[in-house]
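**Student:** Here it is, the structure, as structure tokens.
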Amino acid sequence: GAIANIIEQVAEYLGEDYEKLRLQLLQEQDVFADETSQPVFGKKHWLWAFIGKTVAYLRADKSRGQKVVEKTLKGYNGILHSDFWSAYNKLECGKQKCLAHLTRELRHLRERTKSKELKAYCSKLLRMLRYAKDNNQHTAQFRTFCEKRLHAIIDIEYTDKDCQRLNKRLRRHANELFTFTEHETEVTNNAAERSLRPCVIKRKNTYGSHS
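For what it's worth, the numbering used here labels the leading residue of the sequence shown as 7, then goes sequentially.
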């Protein structure tokens, strides 16, 4: 309890400087974002991580919605790296969706399914993603080429429900998958996931904040 109170007092004392860190974060070329559950006084909160090259900005909030992203990154003009969680959708900036998440899901579906349609669908997408990474040219023309290849796969109507579900998501984020082919940037949001790992270990050991 004494340690928790000290941390709260320090947080209040450093509030102004913490806001300066948020403003510094907005100057970063790349920001990696992720969130995880974080109980506070036994009630469910969310711990958000926004990681730049020189700034790590974390905040706990009751919400897992877009308002947290907008409050933190309002005015950001760089490239936001995230998973496909909808809270990041409305922020107006460059975006690169995490291809590691997508690749893992496609491989998992391909291995588990008995649907020939879904197997072929996943294989086509995996080959296309691998081609984009292996032949990356960092040009607008190559990005356009990759996006056209993507649309050749997702602009088809499928009968398999998983194909339909993935199609809906990929159509929504079609212009956020190949940002790395035009700009020299990462293809995942691993920096944010790694930054949250110690917090997750602490959560498992202590069952949350003020527990």
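We put the CB at the ideal spot given by N, CA and C, even for glycine.
Remember, predicted model here, so these are calculated numbers, not experimental data.
1. Going along the chain, which residues of its own chain have a beta-carbon closer than 8 angstroms to the beta-carbon of glutamate 188, five neighbours each way excluded?
2. Does the stretch 164-181 touch the stretch 13-28, meaning 3 or more C-beta pairs lie closer than 8 angstroms?
3. Just mark glutamine 33 as buried or exposed, buried being the case when its beta carbon has 16 or more other beta carbons within 10 Å.
4. Find out if the Cβ-Cβ distance for the pair lysine 103, leucine 183 is shorter than 8 angstroms.
5. Going by the DSSP bridge assignment, what does glycine 100 pair with across the sheet?
6. Applying the 10 Å Cβ sphere with the 16-neighbour rule, what's the burial state of asparagine 195?
7. Return the CA-CA distance between glutamate 76 and glutamate 98, expressed in angstroms with no decimal places.
8. Is it right to say tyrosine 82 is buried, meaning 16 or more other beta carbons lie within 10 angstroms of its own, or is it exposed?
9. How many angstroms separate the CA atom of aspartate 168 from the CA atom of leucine 115?
10. Counting only runs that start and end within the stretch 53-82, where is the alpha helix (DSSP H) found for 4 or more residues in a row?
11. Which of the three DSSP states, helix, strand or coil, is assigned to serine 121?
12. Relative to the C-alpha of aspartate 89, which candidate in Asn11, Glu192, Lys80 and Ser129 has its C-alpha closest?
13. Going by alpha carbons, who is nearest to glycine 100 out of Asp40, Leu79 and Thr119?
14. Which stretch, first to last residue, makes up the beta strand (DSSP E) that contains glutamine 44?
15. Go ahead and label glycine 21 buried or exposed: buried means 16 or more other beta carbons lie within 10 angstroms of its beta carbon, across all protein chains shown.
16. Hey, how far is the Cα of isoleucine 85 from the Cα of threonine 185?
17. Below 6 angstroms CB to CB, which residues in the same chain sit around serine 121 once its five sequence neighbours on both sides are set aside?
18. Leaving out the 5 sequence neighbours to the left and right, which residues in its chain are closer than 7 angstroms to alanine 218 when beta-carbon positions are compared?
**Tutor:** Based on what the coordinates show:
1. Excluding sequence neighbours, glutamate 188 sits near His144, Thr145, Ala146, Phe148 and Arg149.
2. No, because fewer than three Cβ pairs between the stretch 13-28 and the stretch 164-181 fall closer than 8 angstroms, the two stretches do not touch.
3. Label assigned to glutamine 33: exposed.
4. Yes, the pair counts as a contact, with Cβ atoms nearer than the cut-off.
5. Residue pairing from DSSP places glycine 100 in a beta bridge opposite Ile85.
6. When all chains shown are included, asparagine 195 counts as buried.
7. Going by the C-alpha atoms only, they are around 9 angstroms apart.
8. Buried, because 16 or more other Cβ atoms sit within 10 Å of the Cβ of tyrosine 82.
9. One alpha carbon belongs to aspartate 168, the other to leucine 115, and they sit about 8 angstroms apart.
10. Secondary structure in the stretch 53-82: the alpha helix (DSSP H) runs of 4 residues or longer, each lying completely within the stretch, are 72-79 in chain order.
11. Correct three-state label for serine 121: coil.
12. Checking every option, the nearest Cα to that of aspartate 89 belongs to Glu192.
13. Closest option to glycine 100, judged by alpha-carbon separation, among Asp40, Leu79 and Thr119: Leu79.
14. Element bounds for glutamine 44: 36-46.
15. Exposed is the label assigned to glycine 21, since fewer than 16 other Cβ atoms lie within 10 Å of its Cβ.
16. Roughly 9 angstroms separates the two Cα atoms.
17. Excluding sequence positions up to five before and after serine 121, its CB lies within less than 6 angstroms of the CB of Asp166, all in the same chain and listed in chain order.
18. Nothing about residue 218 can be read from this structure; the chain reaches only from 7 to 217.
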